[in-house]
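With the UniProt record's numbering, the residue at position 64 of the sequence shown is 88, and numbering never jumps.
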Amino acid sequence: LVEESYKKIQEVDGKVQAFLTLDDENARQKAKELDEKLGTEESKNILFGMPIGIKDNIVTKSLRTTSGSKILENFNPIYDASVMGKLHQANTITIGKLNMDEFAMGSSTENSGFQKTFNPWNLETVPGGSSGGSAASVAAGEVPFSLGSDTGGSIRQPAAFCGVVGLKPTYGRVSRFGLIAFASSLDQIGPITRNVEDNAYLLQAISGLDPHDSTSADVDVPNYVQSLTGDVKGLKIGVPKEYLGEGVGEDARQSVLKALKVLEGLGATWEEVSLPHSKYGVAVYYLLASSEASSNLARFDGVRYGYRTPNAENLMELYKKTRSEGFGDEVKRRIMLGTFALSSGYYDAYYKKAQQVRTLIKKDFEDVFAKYDVIIGPTTPTPAFKIGEKINDPLTMYANDILTIPVNLAGVPGISVPCGFSEAGLPLGLQIIGKHFDESTIYRVAHAYE
Ligand code: GLN
Numbered sequence: 025l026v027e028e029s030y031k032k033i034q035e036v037d038g039k040v041q042a043f044l045t046l047d048d049e050n051a052r053q054k055a056k057e058l059d060e061k062l063g064t065e066e067s068k069n070i071l072f073g074m075p076i077g078i079k080d081n082i083v084t085k086s087l088r089t090t091s092g093s094k095i096l097e098n099f100n101p102i103y104d105a106s107v108m109g110k111l112h113q114a115n116t117i118t119i120g121k122l123n124m125d126e127f128a129m130g131s132s133t134e135n136s137g138f139q140k141t142f143n144p145w146n147l148e149t150v151p152g153g154s155s156g157g158s159a160a161s162v163a164a165g166e167v168p169f170s171l172g173s174d175t176g177g178s179i180r181q182p183a184a185f186c187g188v189v190g191l192k193p194t195y196g197r198v199s200r201f202g203l204i205a206f207a208s209s210l211d212q213i214g215p216i217t218r219n220v221e222d223n224a225y226l227l228q229a230i231s232g233l234d235p236h237d238s239t240s241a242d243v244d245v246p247n248y249v250q251s252l253t254g255d256v257k258g259l260k261i262g263v264p265k266e267y268l269g270e271g272v273g274e275d276a277r278q279s280v281l282k283a284l285k286v287l288e289g290l291g292a293t294w295e296e297v298s299l300p301h302s303k304y305g306v307a308v309y310y311l312l313a314s315s316e317a318s319s320n321l322a323r324f325d326g327v328r329y330g331y332r333t334p335n336a337e338n339l340m341e342l343y344k345k346t347r348s349e350g351f352g353d354e355v356k357r358r359i360m361l362g363t364f365a366l367s368s369g370y371y372d373a374y375y376k377k378a379q380q381v382r383t384l385i386k387k388d389f390e391d392v393f394a395k396y397d398v399i400i401g402p403t404t405p406t407p408a409f410k411i412g413e414k415i416n417d418p419l420t421m422y423a424n425d426i427l428t429i430p431v432n433l434a435g436v437p438g439i440s441v442p443c444g445f446s447e448a449g450l451p452l453g454l455q456i457i458g459k460h461f462d463e464s465t466i467y468r469v470a471h472a473y474e
C-alpha cells in the first residue's frame, strides 16, 4: 500500500501539488516492520498499515511542519501532536505532510507560502481550503486517508470541492494538542476519506479525552462504525431556509433537494426550519477568528520558532522584520484586523458584540435540534471556483464559507459527503450537521445516503 501511494504521488503530484513534504524513508521502514507483524492480533485493526497524509499544521516529531508558512519553513517539531500518537497506536503509516493555506487562513489553498494545490477534477479550479492538500490527495488517489483541520469550514469545503468525505467533529471531540493554533475556540482536527465508513474508522482512532488539551471533552466515544446501519426510518431532518435561499447556486440547491428525496425514500422526513442569525456568521467569525489568531500568532517572533530575519540591529527590529518577512498578506491582514478588534476602546463594540451574536447563533442550532435529529443543506453555495478568481477579493472569498462557519461557531459536528455534480461537471457536497457529540447520527445518515 505504501509503495502504491508513492507511485501514485510520483505520477500525479507534479500536477496536483498536494504534498509539501514526503516521509518516504520512514514510511518504507515502518511498512517493513508492520509486514513482520502481519497475522498478529495487532494487525487486525482495520487501520493497520494504512497510508495517511497529514495536514501541515499538525506537528509531527522530526518531520518538517510548516503550517503553510515561510515563517516555519525549516521547523522540525520535537514532539508529536496527540492525534499522531493515536495514529501510531493504530499503526497507520504517515506518507507526508499536506499543503494548506498559511496558518489555515483561506478557502482555496492559494494562500500557501509554498505552492498552489490544484483540484484533481479540473486542474483550472481550486481544491478549496484551507485543507486543500488533504482533500486533493485523497481525491487524486495518492492516499486513502488524510487529516485536515476545520476552523470555519476547512475540512468540509475542500471535501465538497474535491468530491470526498470530510467531517468536522464536535468541538472537544478530538485533541488539539499539537495542532498549530489559528482560532482556538473553533479549531478541530478531522478525517478526510473516500467514503463514510473509512471516515468513521479514522475518527474512532483519533477521538477522546486528552490530558494535554483541557478543551478536549470527557465524553464517551461510541463505536461509530456500528451506527452505519442504513436505517433512517423516522429520522427528522431540518432544512434551514437560509441554506437554500439567496446566494446559494441553483446547482447546489437542486442537488440537496434530490438528496432529501433519497432520504425520504428511506423513511426519513424533512421540514423547512430557520437559523435566523446564521446571516451574521461570516461577520462574527472573521472578527473572533482574527482576534484569536492575532493572539495565537504572537509567538512567532523570530526568537523561539522558525524563521529569523538576518538583518536586525535590535530586538524591536528583529520582531518587526521577522514577522514582515515571514508572514504572507492574508495572515498579516488577519493579525491587523484581530489586533484592532481587541484594542481598548473597540473591544466592546467588536469583540464583545461578536461573542454575544455567537451565543445567538449557537441558540438557533439548539432550538432546531430540540425538534430535529439532523440539519441538512449544501456545504458550499457553489462548486469549486477558478484558480485566481477570488484571490484579490478577500470579502468574496470569505463569503464562500457562509454555510460552514455557523457550525464552528456553535461547536456542533458537520460532515460533507459527495452529492452529485454541477452542470460544469464539478463535485457538490451535502452538509449534514448533528447535535453536540452526535457524530454517530451524522454518519448513519451520510452512510444511508451515500
Ligand atoms: N476559510 C476560512 C478562513 O479563511 C476557514 C478556514 C479554516 O477553517 N481553517 O478562515
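The beta-carbon is built from N, C-alpha and C at its ideal position, and this holds for glycine as well.
- As the crow flies, the alpha-carbon of Glu-288 is around 10 Å from that of Lys-260.
- In this structure, the beta-carbon distance from Lys-257 to Gly-202 does not fall below 7 Å.
- DSSP places Lys-260 outside any alpha helix (DSSP H); the residue lies instead in the beta strand (DSSP E), whose first and last residues are 260-264.
- If you ignore the 5 residues before and after Asp-234, its C-beta comes within less than 6 Å of the C-beta of Ser-106, Ser-199, Phe-201 and Ser-240, all in its own chain and listed in chain order.
- Of the candidates Pro-168, Gly-63, Ile-70 and Ala-42, the residue whose Cα lies closest to the Cα of Val-26 is Pro-168.
- Around the CB of Asp-104, 16 or more other CB atoms lie within 10 Å, so the residue is classed as buried.
- Non-local beta-carbon contacts of Met-108 in its own chain, meaning distances under 8 Å to residues more than five positions away in sequence, involve Ile-78, Ile-82, Val-83, Thr-84, Lys-85, Thr-118 and Gly-202 in chain order.
- For Gly-176, the distance from the CB to the nearest heavy atom of ligand 1 is below 6 Å.
- Nearest in C-alpha terms to Pro-430, of all of Val-308, Lys-345, Ile-102 and Glu-349, is Val-308.
- Under the Cβ criterion (8 Å, minimum of three pairs), the stretch 263-279 counts as touching the stretch 450-458.
- As DSSP reads the structure, Gln-212 sits in a beta bridge with Asp-174.
- Inclusion of Met-74 and Thr-116 in the CB contact set at 7 Å is warranted, their separation being smaller than that value.
- Lys-414 counts as buried, since at least 16 other C-beta atoms from the protein chains shown sit within 10 angstroms of its C-beta.
- According to the DSSP assignment, Leu-111 belongs to the alpha helix (DSSP H) that extends over 106-114.
- Using a 10 angstroms sphere on the CB of Pro-437, the tally of other CB atoms reaches 16 or more, which defines it as buried.
- Val-327 sits exposed, since fewer than 16 C-beta atoms from the chains shown fall within 10 Å of its C-beta.
- Contact check between the stretch 217-224 and the stretch 339-348: fewer than three CB pairs, one atom from each, fall below 8 Å, which does not count as touching.
- Leaving aside the five residues that flank Asn-100 on each side, the residues in its chain whose CB is nearer than 8 Å to its CB run, in chain order, Ser-86, Leu-87, Arg-88 and Thr-89.
- The three-state reading of DSSP puts Phe-393 in helix, counting H, G and I together.
- Restricting attention to Leu-210, Gly-187 and Cys-186, the CA atom closest to the CA of Arg-197 is found in Leu-210.
- An exposed status is given to Arg-323, since fewer than 16 other beta-carbon atoms sit within 10 Å of its beta-carbon.
- The residue among Ser-91, Leu-58 and Lys-68 with its C-alpha nearest the C-alpha of Gly-350 is Ser-91.
- Leu-71 is not a Cβ neighbour of Ala-184, given a cutoff of 7 Å.
- Going by DSSP, Val-398 is part of the beta strand (DSSP E) stretching over 398-402.
- Setting aside the 5 residues that flank it on each side, Asp-462 has no residue in the same chain whose C-beta is closer than 6 Å to its C-beta.
- Beta bridge pairing from DSSP links Ile-117 with Pro-75.
- With contacts defined by Cβ atoms closer than 7 Å, Gly-262 and Val-286 do not form a contacting pair.
- Comparing C-alpha distances from Ala-163 to each of Glu-97, Val-36, Asp-417 and Gly-176 shows the shortest one belongs to Val-36.
- Judged by DSSP in its simplified three-state form, Lys-356 adopts helix.
- Segment contact: the stretch 125-138 against the stretch 420-435, three or more CB-CB distances shorter than 8 Å; contact assigned.
- Sequence-distant Cβ neighbours of Ser-315 in its own chain, meaning closer than 7 Å and more than five residues away, are Gly-362, Ala-365, Leu-366 and Tyr-375.
- Ranked by how close their Cα comes to the Cα of Asn-219, the residues Gly-449, Ile-439, Gly-458 and Glu-447 have Ile-439 in first place.
- For Thr-45, the enclosing beta strand (DSSP E) stretches over residues 43-46.
- Rounded to whole angstroms, the separation of the alpha carbons of Val-189 and Lys-459 is 19 Å.
- Just measuring C-alpha positions, the residue of Leu-171, His-301 and Glu-166 sitting nearest Ser-155 is Leu-171.
- Nearest Cα to Asn-143 within the set Asn-69, Ile-466, Glu-49 and Ala-408: Ala-408.
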